[in-house]
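Those sequence lines, one after another, are chains H and S. For the first sequence, position 75 matches number 74 in numbering that gives the first Met the number 0, and the numbering has no gaps at all. For the second sequence, position 71 matches number 70 in numbering that gives the first Met the number 0, and the numbering has no gaps at all. Just so it is clear, CB atoms sit at the ideal spot from N, CA and C, and this is done for glycine as well. Some notes on the structure that comes next.
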Amino acid sequence: MADDIILSIRGLRNTFGDQVVHNNLDLDVRRGEILGIVGGSGTGKSVLLRSVIGLQKYESGTITINGKNNQDLSMSDAKAMRAHWGVLFQNGALFTSLTVLENIEVPIREFAPMEPKLMAEIASYKLAMVGLTPEAGYKFPNELSGGMRKRVGVARALALDPEILFLDEPTAGLDPIAAAEFDTLIKSLQKTLGFTVFLITHDLDTLHTICDRVAVLADRKVLVTAPISDLRQFPHPWVKAYFNGPRGRAALDSVDATRG
Amino acid sequence: MTEITLKDNHNDNGRSILLKGDMTIITANNWRSKLNDIAVSNNQPVIINMKGVRNFDTTGAWLIYSTKKRMEKVGANVTIGDVTEKQTALILHVGSYDTATEKTAPTKNKWLQSLATMGASAIALFEKISRLLEFLGVVVLGFIGSIRHPGRIRWNAMTTQFEEIGLKALPIVGLLSFLIGLVLVQQGAVELKQFGAEVFVVDLVGISTIRELGVLICAIMVAGRSGSAFTAQIGSMKLEEEVDAMQTIGLDPIDVLIMPRVFALFILMPLLGFYASMMSLAGGALLSYIQLGIPLDTFIERLRDVITVKTFLVGILKAPVFGVIIAVVGCFEGMQVEGGAQSVGEHTTASVVASIFLVIVSDAFFAVFFTAIDW
């Protein structure tokens with residue numbers, strides 16, 4: 000089971016003009032794990048995500064998801080592949096002209112057309128699943144708070160029961176309580192539904208509480224992928240500063256305290 | 000699509016429903032209709048057998064859960080048989096998120112509702128007009144303030160607008176006006192030739208373009224080109240909270256965003272209108288020569304007889320008014336944007352429609368006015 004790789008990146012290279020963002024980047028994501036991606040600003044975390052979900056062409060290397068290379072697929076294969084993943088963008092990226100329920104229904108309409116009543120039922124329990132009240136379903140995205148928008152984003156990402164969930168800084172901009180609740184939500188959904196999570200974050204609490212492994216992006220590649228407890232000893236100045244700085248230690252202390 | 004089958008067996012112990020195939024969101028629609036076809040009776044023991052179910056996701060779990068709920072409502076004894084631990088967990092999971100309390104949509108009187116819609120849009124219209132008037136007042140105050148304290152005028156922003164609205168519009172406004180001149184002569188020539196009065200096309204093209212069309216066509220072009228741009232720019236700036244940021248820094252959005260645009264159009268519209276008229280005349284002169292053989296010097300001589308200073312003033316005096324209308328409406332609609340991308344689109348449309356409408360309406364007033372004073 001440990002070697003059941005759902006997403007594999009080999010020799011990825013991305014450049015913008017003269018600037019090399021990724022060079023020879025390797026990364027494996029195991030099925031059913033929560034993998035956190037960390038890295039300083041400008042190390043190409045978002046570029047990595049965009050390459051994986053096919054929003055950006057990469058210069059060289061291969062990215063295979065479920066054994067299929069994501070860059071040389073036919074249009075229909077690429078579309079079919081998209082049914083297997085869900086993406087939560089940083090600010091939710093909800094469609095502003097649709098209500099919350101309609102937003103959740105968009106992927107269902109596209110991939111599995113069905114009678115409206117069943118679709119409404121599915122959208123409603125997905126909405127409840129991410130912890131929102133039924134009334135929220137009839138609101139428009141601009142009437143929601145940032146935290147609620149992210150929850151709707153998760154509900155939309157989970158509409159088709161994807162195998163992988165990509166999250167781009169899900170707790171950024173949330174207050175600590177909402178952020179902690181969001182972490183718990185992702186963890187519990189992941190436990191029940193068994194999907195894989197690819198999580199870009201800066202939030203040390205998130206890393207400590209829900210991530211099985213953490214991949215560190217620096218020097219244009221993935222430096223190391225390991226459980227967070229092993230990373231503190233990793234001899235790289237950035238990694239040391241990140242996990243052993245005041246915030247890193249505080250997050251660790253709080254986790255230790257809750258675990259008793 | 001994967002094949003699904005449902006076997007409905009009756010026997011002494013009750014009823015057993017055998018499910019076979021994938022039970023996922025892809026097959027959900029088929030399953031729903033098949034499951035809904037099964038009618039059960041009170042106290043009937045029903046076993047839903049899941050042995051043949053392969054892939055199973057939350058939607059499948061929801062189907063099982065909702066079917067069980069429906070059957071139990073009529074009083075059947077439903078059990079789920081041959082179910083794996085994982086499937087049970089999923090069914091419990093989705094069941095715990097069942098919020099579908101029988102919602103009945105409130106029934107509304109259709110007549111009352113359409114009446115209410117009419118009333119609401121009438122109120123919205125009045126509110127919009129009052130906001131527009133308020134905005135106009137703010138612009139007038141800004142205008143007076145800028146004249147009394149020229150230090151408030153943002154010269155850099157204004158010159159940028161000159162370039163965007165004026166210089167970059169020259170090719171398209173010129174081309175269109177030129178074509179209009181051509182068309183006027185071409186159409187006029189056909190009619191006037193019948194009377195041997197070809198030379199009067201010069202009157203036709205001269206008076207119509209200088210008095211009316213030059214400025215009007217130009218205003219419509221500018222409304223479509225620049226009025227819409229004002230709305231979209233200011234609207235997106237509002238969405239991104241740039242306008243709020245300006246205010247907190249101490250910059251007045253009226254001074255920074257709106258006055259430069261109003262001033263720029265106020266000054267540029269007469270210039271663009273004049274340019275458009277000249278291009279129309281050029282087009283007219285060219286086709287007069289080609290089609291009717293009127294040489295350029297005859298054309299100009301005739302033009303000199305027909306076009307008085309008054310004719311020229313009638314056209315050019317309207318231009319600044321049109322410019323201000325377009326700028327004020329464009330900026331006003333931009334400031335009304337809120338919510339999201341949809342709102343930007345709606346207000347941009349509204350901006351172009353309203354400014355062209357107001358330009359043509361005010362043009363009609365000008366026509367009545369200038370006729371009344373015998374110009």
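Secondary structure at S/Ile-216: helix, using DSSP grouped into helix, strand and coil.
The residue from H/Ile-185, H/Pro-245, H/Asp-204 with its alpha-carbon nearest to that of H/Phe-197 is H/Ile-185. Around H/Asp-255, no beta-carbon contact reaches into chain S at under 7 Å, the shortest distance being about 30 Å. Cβ-Cβ distances below 8 Å link S/Tyr-64 to Ile-90, Val-93, Gly-94, Asp-97 in the same chain, with the five nearest sequence neighbours on each side left out; the list follows chain order. A Cβ-Cβ distance of about 11 Å is found for the pair H/Val-28 and H/Ile-62, leaving them out of contact under the 8 Å criterion. In this structure S/Ile-324 does not touch S/Val-352 by the C-beta definition: roughly 13 Å separates them, more than the 8 Å allowed.
Residue environment analysis places H/Asp-182 among the buried positions, since at least 16 neighbouring C-beta atoms fall within 10 angstroms of its C-beta. The Cβ-Cβ distance between S/Leu-17 and S/Asn-48 falls below 8 Å.
In the three-state DSSP reduction, H/Met-113 falls in the coil class, being neither helix nor strand.
For S/Gln-43, the closest alpha carbon among the candidates S/Lys-72, S/Ser-342, S/Met-117, S/Glu-241 is that of S/Lys-72. Excluding five sequence positions before and after H/Arg-12, the CB atoms of its chain that fall closer than 8 Å to its own CB belong to Val-19, His-21, Asn-22, Asn-23, Leu-24, Tyr-57, Glu-58, Ser-59, Gly-60, given in chain order. Taking a cut-off of 8 Å for Cβ pairs, the stretch 275 to 288 of chain S and the stretch 198 to 207 of chain S touch, as three or more such pairs fall below it. Membership of H/Ile-62 in the beta strand (DSSP E) is indicated by the continuous run 59 to 64. Taking 8 Å as the cut-off, the Cβ atoms of H/Leu-206 and H/Val-37 count as close. When DSSP states are grouped into helix, strand and coil, H/Thr-95 belongs to the coil group. Leaving aside the five residues that flank H/Asp-76 on each side, the residues in its chain whose CB is nearer than 8 Å to its CB run, in chain order, Lys-67. Between the stretch 138 to 153 of chain S and the stretch 254 to 264 of chain S there are three or more C-beta pairs closer than 8 Å, enough to call the two in contact.
Excluding five sequence positions before and after S/Ile-37, the CB atoms of its chain that fall closer than 7 Å to its own CB belong to Asp-7, Ile-16, given in chain order. The C-beta of S/Asn-28 comes closer than 8 Å to at least one C-beta of chain H. Secondary structure at S/His-148: coil, using DSSP grouped into helix, strand and coil. In the structure shown, the three-state DSSP call for H/Trp-84 is strand. Rounded to whole angstroms, the gap between the alpha carbons of S/Thr-347 and S/Gly-339 is 13 Å. Taking a beta-carbon distance threshold of 8 Å, H/Ala-111 counts as an interface residue toward chain S. In chain order, Gly-338, Gly-339, Ala-340, Gln-341 make up the part of chain S whose C-beta sits under 7 Å from the C-beta of H/Thr-95. In terms of beta-carbon proximity, S/Ser-235 stays away from the interface with chain H, with every pair separated by 8 Å or more. The Cβ neighbour count for S/Phe-368, taken over all protein chains shown within 10 Å, is under 16; the residue is labelled exposed. The C-beta of S/Arg-53 comes no closer than 8 Å to any C-beta of chain H.
When rounded, the separation of the alpha-carbon atoms in H/Val-51 and S/Glu-239 is 29 Å. With distances taken between CA atoms, S/Phe-265 lies nearest to S/Gln-160 out of S/Pro-294, S/Gly-20, S/Asn-35, S/Gln-160. Nearest in C-alpha terms to H/Gly-85, of all of H/Ala-249, H/Asp-204, H/Ala-135, H/Val-153, is H/Val-153.
Of all C-beta pairs linking the stretch 225 to 238 of chain S to the stretch 327 to 336 of chain S, three or more are shorter than 8 Å, placing the two stretches in contact.
Sequence-distant partners of S/Gly-165 (beyond 5 residues in either direction) whose C-beta falls short of 6 Å from its own C-beta, in its chain, are Leu-267. Contact check for H/Glu-114 and S/Arg-31: beta-carbon distance about 7 Å, within the 8 Å limit, so the pair qualifies. Interface flag for H/Leu-164 against chain S is unset, since no Cβ pair is found closer than 8 Å. The straight-line gap separating the alpha-carbon atoms of S/Ala-188 and S/Phe-199 is approximately 9 Å. With fewer than 16 other beta carbons inside 10 angstroms of its own, S/Met-117 counts as exposed.
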